[in-house]
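The block underneath contains the structure these notes are about, expressed in structure tokens.
2 protein chains.
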Amino acid sequence: MSKKSASAGADTETRATSEHAPDLRLWLRTLACTNLIENHIRARLRAEFGITLPRFDLMAQLERSPQGLKMGELSKRMMVTGGNVTGITDQLVAEGLVVREDSPKDRRAYIVKLTPEGRRSFRKMAEAHESWIVELYAGMDEKQRNQLYELLAAVKTSASTAAAKKK
Amino acid sequence: MSKKSASAGADTETRATSEHAPDLRLWLRTLACTNLIENHIRARLRAEFGITLPRFDLMAQLERSPQGLKMGELSKRMMVTGGNVTGITDQLVAEGLVVREDSPKDRRAYIVKLTPEGRRSFRKMAEAHESWIVELYAGMDEKQRNQLYELLAAVKTSASTAAAKKK
DNA sequence: TTTTGATATTTTAGGCATGGATATATCATT
DNA sequence: AATGATATATCCATGCCTAAAATATCAAAA
Chain A
13 MSKKSASAGA DTETRATSEH APDLRLWLRT LACTNLIENH IRARLRAEFG
63 ITLPRFDLMA QLERSPQGLK MGELSKRMMV TGGNVTGITD QLVAEGLVVR
113 EDSPKDRRAY IVKLTPEGRR SFRKMAEAHE SWIVELYAGM DEKQRNQLYE
163 LLAAVKTSAS TAAAKKK
Chain B
13 MSKKSASAGA DTETRATSEH APDLRLWLRT LACTNLIENH IRARLRAEFG
63 ITLPRFDLMA QLERSPQGLK MGELSKRMMV TGGNVTGITD QLVAEGLVVR
113 EDSPKDRRAY IVKLTPEGRR SFRKMAEAHE SWIVELYAGM DEKQRNQLYE
163 LLAAVKTSAS TAAAKKK
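Going down the list, the sequences are from chains A and B.
The letter at position 77 of the first sequence is residue 89 when you use the numbering used here, and the numbering goes up by one with no holes.
The letter at position 95 of the second sequence is residue 107 when you use the numbering used here, and the numbering goes up by one with no holes.
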């Protein structure tokens, strides 16, 4: 455990480092939190269920949409590229956890759905997964969590807006 | 069906879900925000400087530690595995942006440092990078950003503590 | 000294992720 | 119908990332 001394700005040569815009520090802290939680969840899903996080995430999307989802829809919701979804889906199909059905409306598209086994398997994992998340936030009180939830909505709005402008 | 919860009137669906869903939603929103920003930054670093985000991140760590860092230290700070750092470092060495120096104290270890060109190159990119981050948070006022910054400290503490317990 | 255990890094194999290119299907106009 | 633009998904090359095993060094005990 490296104790990153918070006051590393004691350097005489502070240049850009301690001049870091508060926004940058905010972003780096956000990233650190996400990595911390994500790495923990990833390791545990692997250790306890032998599944990868991306596969779990894809199944989670399907469980929320029992009518199934098109590949492109999965791509949007998971915020990853289409080619990526193709690969993860291939794996899950090979494991018998999801199926690709031809879309009756659009012959370009597939509808991806959980198989009964996929649904069963996912529900078991999801229960554990959720309890891990609860554990990870257990050190915060409800007010803090609600505040955080609201602030993140503001981040989402702000970042989406700014990103759209630059496109 | 398992009655591990004392909650009466549980529906047929997972009772844990309806009980603890707020934490899960909080986590998913955090993840969405991070991906949104990270994908934007990644694409822009590539488009404007032809560099990948992991390479930029590694250089950023070195710029903050002019005395250089050991591979393992980089791994810890970047929150990625050692093997990963090996690969990224190899690439940066090939591009002439960093060097591996033998540690005088420990013949197992390397000290990785930015080359003068690496430092020059990084500073230029870092300036742009920082301005992009500022843009992305521009839709939030300072009070919100400060609140968020503090709340994330609480997340970090909470998650670290919980993760440590399970190890 | 030799053994033992911990530490530092690389290597390997497999899977995830992007961006770009391709193939095919659909839609909106002619 | 024919045209061209758009949408859907896949394939490819490259690079990131992890976990586990391999290699080498260090430090301290037996």
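Ideal Cβ placement from N, Cα and C applies to all residues, glycine included.
| Item | Value |
| --- | --- |
| Going by beta-carbon coordinates alone, are Thr98/A and Met83/A separated by less than 9 Å? | yes |
| Could you compute how far the alpha carbon of Glu50/A sits from the alpha carbon of Phe68/A? | 12 Å |
| Using 8 Å for Cβ pairs, my map puts Ala150/A next to Ala174/B. What's the rounded Cβ distance? | 6 Å |
| Are the region 55-64 of chain B and the region 140-155 of chain B touching by the rule of at least three beta carbon pairs closer than 8 Å? | yes |
| Report the neighbours of Ser87/B on chain A: residues whose CB is nearer than 9 Å to its CB, in chain order. | Under the 9 Å cutoff, chain A gives no residues; its nearest Cβ is about 11 Å from Ser87/B. |
| So what's Lys117/B in DSSP terms, helix, strand or just coil? | coil |
| In angstroms with no decimal places, state the Cα-to-Cα distance between Ala165/A and Leu81/A. | 25 Å |
| Shortest alpha-carbon distance to Leu74/B belongs to which of Asp118/B, Thr93/B, Arg112/B? | Arg112/B |
| Give me the DSSP bridge partner(s) of Ile123/A. | Lys82/A, Glu113/A |
| Using the beta-carbon of each residue, which ones in chain B are nearer than 7 Å to Asn194/A? | Absent from the structure is residue 194/A, since the part of chain A shown begins at 13 and ends at 179. |
| Taking Glu147/A as the reference, which of Ala106/B, Lys117/B, Ala171/B, Met91/B has the closest Cα? | Ala171/B |
| Go to Gly99/A, then tell me how far its alpha helix (DSSP H) extends in each direction, as first and last residue. | 94-106 |
| Does the beta carbon of Glu50/A sit closer than 9 Å to a beta carbon anywhere in chain B? | yes |
| Could you check whether Ser115/B and Ala197/B sit closer than 9 Å to each other, using their CB atoms as the reference points? | Lying outside 13 to 179, the shown extent of chain B, residue 197/B is not represented and no answer is given. |
| If you follow the alpha helix (DSSP H) that Ile49/A is part of, which residue opens it and which one closes it? | 34-61 |
| Are Val110/A and Thr101/A touching if we call contact CB-CB under 9 Å? | yes |
| Can you name, in chain order, every residue of its own chain whose Cβ lies under 8 Å from the Cβ of Arg131/A, other than the five neighbours on each side? | Glu75 |
| With 9 Å set as the bound, which would you pick, yes or no: does the beta-carbon of Ser145/B sit closer than that to a beta-carbon of chain A? | Reading off the sequence shown, one finds Ile at residue 145/B, where the question assumed Ser. Ile145/B counts as touching chain A. |
| In three-state terms, what does DSSP make of Thr64/A? | coil |
| Can you pull the chain A neighbours of Ala59/B, defined as C-beta to C-beta under 8 Å? | None at all; the shortest Cβ gap to chain A is about 10 Å. |
| Give the interface partners of Thr173/A over in chain B, defined as CB-CB distance under 7 Å, in chain order. | Gly151 |
| Going by Cα to Cα distance, which pick from Pro78/B, Asn47/B, Thr42/B, Arg37/B is closest to Pro128/B? | Pro78/B |
| Short of 7 Å in beta carbon distance, which residues of its chain neighbour Leu86/B, apart from the five on each side in sequence? Order them along the chain. | Leu70, Gln73, Val97, Val124 |
| Work out the CA separation of Thr42/B and Leu104/B for me, nearest whole Å. | 31 Å |
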